[in-house]
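Each residue of the sequence shown is one higher than the one before, starting from 294 at the first, in the numbering used here.
Before any comments, here is the structure.
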Amino acid sequence: MLDDMLDYIERIRERPVWQPIPDSVRDQFRAALPSEPTELAQVHDEFMRLILPYATGNTHPGFMGWVHGGGNPAGMLAEMLAAGLNANLGGRDHMPLEVERQILHWAREIFGFPENATGLFVTGTSMANLLGVLVARTAALGLGVRYRGVVSAPKPLVAYTSAAAHGCIAQAMEISGMGAASLRAIRTNDRHELDLDAFARTIAEDRRAGLRPFLLAIAFDFHKWGQVPYDAGFILVRNGAWHQLTFASAAAYLRRETRGLAAGSPWPCDFGPDLSRGFRALKTWFTIKVHGARQIGAVISQTCALAQYLKARIEATPSLELLAPVALNIVCFRYRSDESDRVNAAIVADLQESGIAAPSVTTINGRLAIRAAIVNHRTEERDIDALIEAVIRLGDARCQPDAA
Ligand SMILES: *Cc1c(COP(=O)(O)O)cnc(C)c1O
Numbered sequence: 294m295l296d297d298m299l300d301y302i303e304r305i306r307e308r309p310v311w312q313p314i315p316d317s318v319r320d321q322f323r324a325a326l327p328s329e330p331t332e333l334a335q336v337h338d339e340f341m342r343l344i345l346p347y348a349t350g351n352t353h354p355g356f357m358g359w360v361h362g363g364g365n366p367a368g369m370l371a372e373m374l375a376a377g378l379n380a381n382l383g384g385r386d387h388m389p390l391e392v393e394r395q396i397l398h399w400a401r402e403i404f405g406f407p408e409n410a411t412g413l414f415v416t417g418t419s420m421a422n423l424l425g426v427l428v429a430r431t432a433a434l435g436l437g438v439r440y441r442g443v444v445s446a447p448k449p450l451v452a453y454t455s456a457a458a459h460g461c462i463a464q465a466m467e468i469s470g471m472g473a474a475s476l477r478a479i480r481t482n483d484r485h486e487l488d489l490d491a492f493a494r495t496i497a498e499d500r501r502a503g504l505r506p507f508l509l510a511i512a513f514d515f516h517k518w519g520q521v522p523y524d525a526g527f528i529l530v531r532n533g534a535w536h537q538l539t540f541a542s543a544a545a546y547l548r549r550e551t552r553g554l555a556a557g558s559p560w561p562c563d564f565g566p567d568l569s570r571g572f573r574a575l576k577t578w579f580t581i582k583v584h585g586a587r588q589i590g591a592v593i594s595q596t597c598a599l600a601q602y603l604k605a606r607i608e609a610t611p612s613l614e615l616l617a618p619v620a621l622n623i624v625c626f627r628y629r630s631d632e633s634d635r636v637n638a639a640i641v642a643d644l645q646e647s648g649i650a651a652p653s654v655t656t657i658n659g660r661l662a663i664r665a666a667i668v669n670h671r672t673e674e675r676d677i678d679a680l681i682e683a684v685i686r687l688g689d690a691r692c693q694p695d696a697a
């Protein structure tokens with residue numbers, strides 16, 4: 294299995310980025326519950342034939358859809374070690390918890406947060422934002438909100454985020470009972486950044502109207518630009534006291550001691566809703582140790598430089614049009630056509646099915662755009678060239694079939 298996965302990563306370029314799943318393959322996963330054992334080697338063989346070839350493709354350097362991380366071999370091997378230990382990181386006194394605390398210290402250092410900042414691994418940024426909304430609610434309304442609920446708020450609470458923010462923030466407002474209507478979408482400037490003047494004005498207006506501002510969303514994770522294999526989201530809370538007050542509860546079976554296995558309080562289960570939790574910290578620790586912060590930072594810079602290269606190639610190609618400024622690692626563009634939305638959506642589907650590259654689509658100012666998010670440390674200029682050449686060829690084939 295190790296050889297297969299190392300070969301897979303080493304030869305990833307020889308594979309299509311993604312390929313459609315044949316019905317015959319999908320059908321094999323509608324089988325009845327196996328009551329009898331199957332040889333491990335046979336199950337592994339099914340994995341190699343039926344699962345591995347039909348993955349999303351985000352380890353491939355040509356994958357540029359949505360925002361997916363590329364993973365890395367050190368993180369992959371750490372996952373095997375973590376599964377071997379089968380550690381449960383809900384609490385108690387064992388070394389895996391110190392590994393998670395080590396990552397918290399590093400996260401504080403990365404973001405310049407104070408000593409009393411607390412943190413926790415969660416599935417992803419969506420979950421981190423949900424916990425963030427709950428912590429901000431406790432900080433605004435006090436511990437009593439856990440018993441009385443948000444209906445007890447003396448003034449309605451109001452939260453803020455960019456109009457271009459991820460949908461998980463509105464969802465966090467829904468799930469937390471705050472309600473999505475209490476989230477203000479602050480407009481963005483022509484660089485698609487939060488408009489700080491509009492933001493300040495909106496807060497002032499809300500205060501005058503008797504509302505209580507309580508949250509401005511931030512988000513981060515290790516599993517995208519940090520190159521740690523999925524999943525490795527993280528919440529970092531500046532004032533750890535509110536974090537602990539939001540989640541810690543007393544339960545007889547979770548009694549704390551000063552010695553023995555029940556020592557080491559507070560435990561991660563005091564900082565989030567999960568009790569049983571896996572060892573996400575280990576793959577993150579391996580990735581950061583093996584590569585070092587400087588190398589991970591260099592990957593982030595390199596993906597931004599590749600985005601500038603893609604921008605330059607688009608601007609040098611008359612049949613293509615850039616649709617948004619390129620500030621970081623994301624490039625939105627389109628193939629020029631009279632039926633632009635239809636043609637570009639078709640080009641993206643063609644591209645994904647070709648296996649050459651996998652961008653996604655988005656809408657910019659009402660126009661459908663091809664969106665390339667360059668996140669993977671394996672992506673190089675030749676992958677950008679392959680994307681550009683394929684977009685032109687597929688666009689020409691659709692719009693100028695005679696010339697092509
Ligand atoms: C990816 C992303 C999310 C959602 O995070 P998940 O880890 O996929 O749950 C939220 N906000 C931003 C800015 C993101 O890039």
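Positions of the beta carbon are idealized from the N, C-alpha and C atoms, including for glycine.
Check: Please classify MET388: is it buried, with 16 or more other beta-carbons within 10 angstroms of its beta-carbon, or exposed?; Outcome: exposed
Check: Given a cut-off of 7 Å, decide if THR411 and PHE572 are closer than it, judged by their beta-carbon atoms.; Outcome: no
Check: Can you tell me whether DSSP reads ILE528 as helix, strand or coil?; Outcome: strand
Check: Taking C-alpha atoms, which residue in GLU303, ILE344 and TYR546 lies nearest to SER317?; Outcome: ILE344
Check: Straight-line CA distance for PHE414 to LEU382?; Outcome: 10 Å
Check: Report yes if the C-beta distance between ALA525 and PHE515 is below 7 Å; otherwise report no.; Outcome: yes
Check: Taking all protein chains shown into account, do 16 or more other C-beta atoms lie within 10 angstroms of the C-beta of HIS361, making it buried, or fewer, making it exposed?; Outcome: buried
Check: Between the C-alpha atoms of ASP676 and PRO652, what's the straight-line distance to the nearest angstrom?; Outcome: 12 Å
Check: If you draw a straight line from the C-alpha of THR448 to the C-alpha of ARG484, how long is it?; Outcome: Note on identity: in this sequence residue 448 is Lys, with Thr being the wrong assignment. C-alpha separation (whole angstroms): 35 Å.
Check: If ALA541 sits next to PRO566, beta carbons under 8 Å apart, how far is it from one beta carbon to the other, in whole angstroms?; Outcome: That belief does not hold up - the Cβ atoms of ALA541 and PRO566 are roughly 11 Å apart, past 8 Å.
Check: Is any non-hydrogen atom of ligand 1 found closer than 6 Å to the C-beta of HIS485, if you look at the structure I gave you?; Outcome: no
Check: How many Å lie between ASP499 and PRO506 at the Cα?; Outcome: 7 Å
Check: Give me the DSSP bridge partner(s) of PHE404.; Outcome: Partner(s): none; PHE404 has no beta bridge.
Check: Alpha carbon to alpha carbon, how far is ALA325 from ALA380?; Outcome: 31 Å
Check: How long is the line joining the alpha carbons of TYR440 and ALA446, rounded to whole angstroms?; Outcome: 12 Å
Check: Cβ-heavy atom distance between CYS461 and ligand 1 below 6 Å?; Outcome: yes
Check: Could you check if VAL360 belongs to the surroundings of ligand 1, using beta carbon to heavy atom distance under 6 Å?; Outcome: yes
Check: Under the three-state reduction of DSSP, which class applies to LEU615: helix, strand or coil?; Outcome: strand
Check: I'd like the span of the beta strand (DSSP E) that includes ILE479, first residue to last.; Outcome: 476-479
Check: Quick check: the Cα distance between ALA348 and TRP311, rounded to an integer number of angstroms?; Outcome: 7 Å
Check: Do you know how far the Cα of PRO330 is from the Cα of VAL336?; Outcome: 10 Å
Check: Is HIS584 buried or exposed, if buried means 16 or more other CB atoms sit within 10 Å of its CB?; Outcome: buried
Check: Which residues in the same chain as HIS670 place their Cβ atom closer than 6 Å to its Cβ, once the five residues preceding and following it in sequence are excluded?; Outcome: GLY363, GLN520 and VAL592
Check: At a cut-off of 6 Å, is GLY417 close to ligand 1 when judged by its beta-carbon and the heavy atoms of the ligand?; Outcome: yes
Check: Please give me, in chain order, every unbroken run of the alpha helix (DSSP H) with length at least 4 that falls completely inside the region 449-528.; Outcome: 461-468 and 489-501
Check: Would TYR628 and GLY688 be called neighbours here (beta carbons separated by less than 7 Å)?; Outcome: yes
Check: Take CYS597 and list the residues in its own chain whose beta-carbon comes closer than 6 Å to its own, dropping the five residues that flank it on each side.; Outcome: LEU621 and ASN622
Check: What residue ranges within the region 599-643 form continuous alpha helix (DSSP H) runs of no fewer than 4 residues, ordered along the chain?; Outcome: none
Check: How would you call LYS582, buried or exposed, if buried means at least 16 neighbouring beta carbons within 10 angstroms?; Outcome: exposed
Check: Count the other C-beta atoms from every protein chain shown that fall within 10 angstroms of the C-beta of GLY368, then say buried if there are 16 or more, exposed otherwise.; Outcome: buried
Check: Could you say which of LEU616, CYS692 and VAL641 lies nearest to ASN658 if we only look at CA atoms?; Outcome: LEU616
Check: For ARG660, which residues does DSSP report across the bridge?; Outcome: ILE657
Check: For LEU538, I'd like the list of residues in its chain whose CB is within less than 7 Å of its CB, leaving aside the five on either flank, ordered along the chain.; Outcome: THR431 and LEU436
Check: Checking 7 Å against the spacing of the C-beta atoms, do GLU372 and LYS517 come in under that value?; Outcome: no
Check: Looking only at DSSP bridge pairs, what is VAL415 linked to?; Outcome: GLY526
Check: Could you check if HIS570 is buried or exposed, using at least 16 other CB atoms within 10 Å of its CB as the buried criterion?; Outcome: It is Arg, not His, that sits at residue 570 in the sequence shown. Its Cβ being crowded by 16 or more others within 10 Å, ARG570 is buried.
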